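Enquirer: My questions will all concern the structure given below.
In this note's numbering, the protein residues as written are 4 to 343.
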C-alpha cells in the first residue's frame, strides 16, 4: 500500500510543478504558450514514450477490445474539453478560485466515479474515504476563499471594472464546475482500460509499470484532439500564429517541453500508483491523493514564487487552514486503504 501512496504523492508533486516553467516564456500570449505545451504534451511525448519504452506497443493497442477503447476515447475527449473549460474559467475568476473549484469538483466526482465501474468497497472503507474527501473539500473551499481575499487585496481597479468582475463571477464558477465534471473522464478512462491494457502489455513481456504509459497514451492522444481543435480556433481568431516567430523560440520550446514531460510523467506515475493500490481503490484513493498533492504543491510553489506577498493576513490564514485540511484529508483517504 505504502508504495502506491508514495507514487500518488510523487505524481501530485510533478503535476503541481509542471506549469512553473510557463512563468519564464517570452514574447508569447497565453494561447501560444499553452498550445505549444499541449501539442508536445498530448502528441509528441506520449508517442516517444510509448514506442520507445513499450515492447510490441502496436500489438498492445490492437489487443484492446473495441468497446473498451471507445469508452476510453469518449471519456478522454471529455477530459480534454474539461481542461479547456478550466482555462476559460480562470479568465473569469482568477487562478486561485478557478483552481480550487475545478480541482475540488475533480477530487469529489473523480474519486467516486470508479466505484460505479468497479463496485463499492466495504462500508467502513467507503465511509472513511468519504470522510477524507469531505475534509479535503473543506480545504479546497478555504483555498478558494483565500484566493478571493487575495484578489481583493491586490485589485486597485475602478468600481466599473469591479462590477464587471462580479457579473462574470457566476459564469466563471459554472464553467469551472462543468469543466471539473468533464475532466473526471480522465479517472473513468484510467479505471475502465487499465486492467485490459495491463494484461496486453504483460503479454508482450513488458514490466507492469510500462502499462501505465500505454493507458496514458490512449487518454492523452484522445483528449489532445479536443484540445487541438480549441487552440487552432483561438490562434486563428486572435491572429496569433505569427507570435510563434520570436528570437526566444528555442527557449520557449525547451520550457514547454519540460512542462509536457512533467505533466505526462505525472499521469503515468499516477496510473502506476493506482495499479499498485489495487483495482478496487486505486482509481479512487489514488486519484484523491494525486489531486490533493497537486493542489498543495501548486499553492506552496505559489508562496515560494511570492504570488501571495501582497495578500492580507486573513487571506493567508485561510490559505494555511486549507492546506492543513487537505493534508489531513489525504492522510485519511490513504489510511482507508489499510482497512481492506
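For each residue, glycine too, the CB sits at the ideal point set by N, CA and C. Here the structure is a predicted model, which means the values were calculated and not measured.
Quick check: what's the CA-CA separation for residue 113 versus residue 231?
Expert: 24 Å
Enquirer: Whole angstroms are fine: how far does the CA of residue 24 sit from the CA of residue 334?
Expert: Rounded to the nearest angstrom, the two C-alpha atoms are 30 Å apart.
Enquirer: Which same chain residues end up closer than 7 Å to residue 57 when comparing Cβ atoms and leaving out the 5 residues on each side of it in sequence?
Expert: Exclusion of the five residues before and after residue 57 leaves 63, 204, 209, 213, 216 and 217 as the residues of its chain whose Cβ lies within less than 7 Å of its Cβ.
Enquirer: Cutting at 7 Å between CB atoms, please list the residues of its own chain near residue 45, excluding the five before and the five after it.
Expert: 223, 224, 226, 227 and 230
Enquirer: Apart from the five residues on each side of it in sequence, which residues of its chain come closer than 7 Å, Cβ to Cβ, to residue 155?
Expert: none
Enquirer: Given a cut-off of 9 Å on the beta-carbon distance, is the pair residue 273 and residue 289 in contact?
Expert: A Cβ-Cβ contact shorter than 9 Å links residue 273 with residue 289.
Enquirer: Could you give the first and the last residue of the continuous alpha helix (DSSP H) run that contains residue 303?
Expert: 290-307
Enquirer: Roughly how many angstroms lie between the CA atoms of residue 296 and residue 89, to the nearest whole one?
Expert: 19 Å
Enquirer: When you compare only the Cα positions, how much space is there between residue 157 and residue 322?
Expert: 16 Å
Enquirer: In the structure shown, what three-state DSSP assignment does residue 106 receive?
Expert: helix
Enquirer: By Cβ distance below 6 Å, which residues in the same chain neighbour residue 250 in space, the five residues on each side in sequence not counted?
Expert: none
Enquirer: I believe residue 132 touches residue 264 by the beta-carbon criterion, under 8 Å. Please report the beta-carbon distance rounded to the nearest angstrom.
Expert: That pair is no contact at about 32 Å.
Enquirer: DSSP on residue 207, reduced to helix/strand/coil?
Expert: In the three-state reduction of the DSSP assignment, residue 207 falls in the coil class, being assigned neither a helical nor a strand state.
Enquirer: Which whole-angstrom value is the C-beta distance of residue 86 and residue 186, which I expect to be below 8 Å?
Expert: 6 Å
Enquirer: Taking only the alpha-carbon atoms, compute the straight-line gap between residue 8 and residue 261 and give it to the nearest angstrom.
Expert: 25 Å
Enquirer: Along the chain, where does the alpha helix (DSSP H) containing residue 35 start, and where does it finish?
Expert: 33-42
Enquirer: Checking 9 Å against the spacing of the C-beta atoms, do residue 192 and residue 17 come in under that value?
Expert: no
Enquirer: Taking the alpha carbon of residue 342 as the reference point, which residue from 183, 124 and 151 has its own alpha carbon closest?
Expert: 124
Enquirer: Pull up the distance between the alpha-carbon of residue 11 and that of residue 22, whole angstroms please.
Expert: 18 Å
Enquirer: Exposed or buried, which one is residue 326 when buried takes at least 16 other CB atoms within 10 Å?
Expert: buried
Enquirer: Assign residue 339 to buried or exposed, taking buried as 16 or more other Cβ atoms, counted over all protein chains shown, within 10 Å of its Cβ.
Expert: buried
Enquirer: So, under 8 Å CB-CB, residue 106 and residue 143 are touching, yes? Tell me the CB distance rounded to an integer number of Å.
Expert: 6 Å
Enquirer: Counting only the same chain and skipping the five closest in sequence on each side, list residues whose C-beta sits under 7 Å from that of residue 27.
Expert: 258
Enquirer: Kindly list the residues whose CB is nearer than 8 Å to the CB of residue 313, restricted to its own chain and excluding five residues on each side of it in sequence; keep chain order.
Expert: 153, 156 and 157
Enquirer: If you follow the alpha helix (DSSP H) that residue 153 is in, where does it begin and where does it stop?
Expert: 126-157
Enquirer: Just to confirm the assignment, what range does the alpha helix (DSSP H) spanning residue 320 have?
Expert: 316-339
Enquirer: Quick one: what does DSSP say residue 26 is sitting in, helix, strand or coil?
Expert: helix
Enquirer: Just to check my reading of the structure: residue 67 and residue 196 have Cβ atoms closer than 8 Å, yes? What is that Cβ distance to the nearest angstrom?
Expert: 7 Å
Enquirer: Assuming residue 238 contacts residue 38 under a Cβ cut-off of 8 Å, what Cβ separation, rounded to an integer in Å, is found between them?
Expert: A Cβ-Cβ separation of about 6 Å places residue 238 in contact with residue 38 under the 8 Å criterion.
Enquirer: Where does residue 79 land, buried or exposed, given buried means 16+ other C-beta within 10 angstroms?
Expert: buried
Enquirer: Assuming residue 15 is part of the alpha helix (DSSP H), what are its boundary residues?
Expert: 5-20
Enquirer: Would you give the residue range spanned by the alpha helix (DSSP H) that residue 258 belongs to?
Expert: 252-280
Enquirer: Please tell me whether residue 243 and residue 50 are closer than 9 Å, where the distance is taken between their beta carbons.
Expert: At least 9 Å separates the beta-carbon of residue 243 from that of residue 50.
Enquirer: On the DSSP letters alone, give me the boundaries of the alpha helix (DSSP H) that residue 57 sits inside.
Expert: Looking at the DSSP string, residue 57 is not in any alpha helix (DSSP H), and its letter there is neither H nor E.
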